[in-house]
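Structure, as structure tokens:
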Amino acid sequence: MTPYLKLPLMRCQGFKINEGWFYSEKEKQIHGRAIHGGIDFQAKRGEPVYAAAGGWAISSYYNRPIKNKDGSIRRYREKPITTGLGYFVQIYHPENGRYTQYGHLEKIAGKIPFGTPRKRKEIYYPYGYQVKPESMKNSHYFVWINQGELIGYVGDSGLTWGYKDYPKRPSPKRYPSWDEIHLHFEEFSRNKKGRKIQQRDPFNVYKTFEYYPKNIQQVSKNTLWEDYFKFT
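So the sequence shown is numbered by my numbering: it starts at 5 and just counts up by one.
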């Protein structure tokens, strides 16, 4: 693994992983899925999020209901739940052809273009994020973002619990999410059809959350993170 990422949250020493590559038993009981395919950083609502590496950035929104095997909408404590990245930013990193995604944002930085989602039935599909790398420079959906540049703010979008949060989220106090406030982070590549492939755990742990480091000193050298101590 060649390190090229810096932490997307402004932390000098400590951080907490809510969910690892595989979901915890507690969360599996809520939505029924085992593989997460990303990392969740615990954070406060409105906390700034920064680009882990430089590249071409776009933002959009994705949300869908969680369904049971029989096709019925899944409920948690008698209310329907949804999932998806919510408001998110995606960055393509041309230096290595990889992507990073930052999900469940409360707000996206104004510099980053927004691809308005397309609604089909009860699903909001993100728009514009599958543009081929060679077309990004000339696309009005993309803008160049430098490593460490502000891209958005932490929230809980896309994880609704008996309410809708697009285009605007109702009061969090009156309508809490079924999940904790956090930043969802992914690192991956895409095939010629634009589908995600070769997803990687940036911590190189590939387990449930309790196996992840709790501070910078515990992080293994064989990860995608580079030089933590300059990111302060």
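Using N, Cα and C, we set each Cβ at its ideal position, and we do this for glycine too.
Endpoints, the alpha helix (DSSP H) within which residue i is located
{"i": "P3", "result": "For residue 3 there is no data in the structure shown, the boundaries of the chain being 5 and 236."}
{"i": "P137", "result": "137-140"}
{"i": "I34", "result": "29-35"}
Burial state of residue i (16 or more Cβ within 10 Å)
{"i": "P180", "result": "exposed"}
{"i": "D74", "result": "exposed"}
{"i": "E214", "result": "exposed"}
{"i": "K234", "result": "Unreliable positioning characterises K234 in this predicted model, as indicated by a pLDDT of 44, which lies under 50. The coordinate reading is nonetheless provided below. It counts as exposed."}
{"i": "I34", "result": "buried"}
{"i": "T236", "result": "Reliability of the predicted coordinates at T236 is poor, the pLDDT of 39 falling under 50, and no value is obtained from them."}
{"i": "S63", "result": "buried"}
{"i": "T164", "result": "buried"}
{"i": "H144", "result": "exposed"}
Candidates the options, of which the one nearest residue i by Cα
{"i": "G42", "options": "Q203, I220, L228, W60", "result": "Q203"}
{"i": "P184", "options": "R199, I220, K73, G162", "result": "One point to set straight first is that residue 184 is Glu, not Pro, in the sequence displayed. Checked all of R199, I220, K73, G162; the closest Cα to E184 is G162."}
{"i": "W229", "options": "P176, P206, R199, Q222", "result": "P206"}
{"i": "I95", "options": "L109, R78, P121, V147", "result": "V147"}
{"i": "W25", "options": "E190, G107, Q222", "result": "E190"}
{"i": "E110", "options": "Y103, K211, P171", "result": "P171"}
Beta bridge counterpart(s) of residue i as assigned by DSSP
{"i": "F192", "result": "Y103"}
{"i": "D44", "result": "E23, H188"}
{"i": "W165", "result": "I85"}
{"i": "W229", "result": "L9"}
{"i": "I220", "result": "Answer is none; I220 lacks a bridge partner."}
{"i": "G200", "result": "Position check: residue 200 holds Lys in this sequence, whereas Gly was assumed. Paired residues: R194."}
Residue i: first and last residue of the uninterrupted beta strand (DSSP E) it sits in
{"i": "L13", "result": "Unbroken run through L13: none, as it is neither H nor E."}
{"i": "P52", "result": "52-54"}
{"i": "I155", "result": "154-158"}
{"i": "W148", "result": "147-149"}
Residue ranges of each beta strand (DSSP E) within the region 60-131, 3 or longer: 86-97, 102-112, 122-124, 127-129
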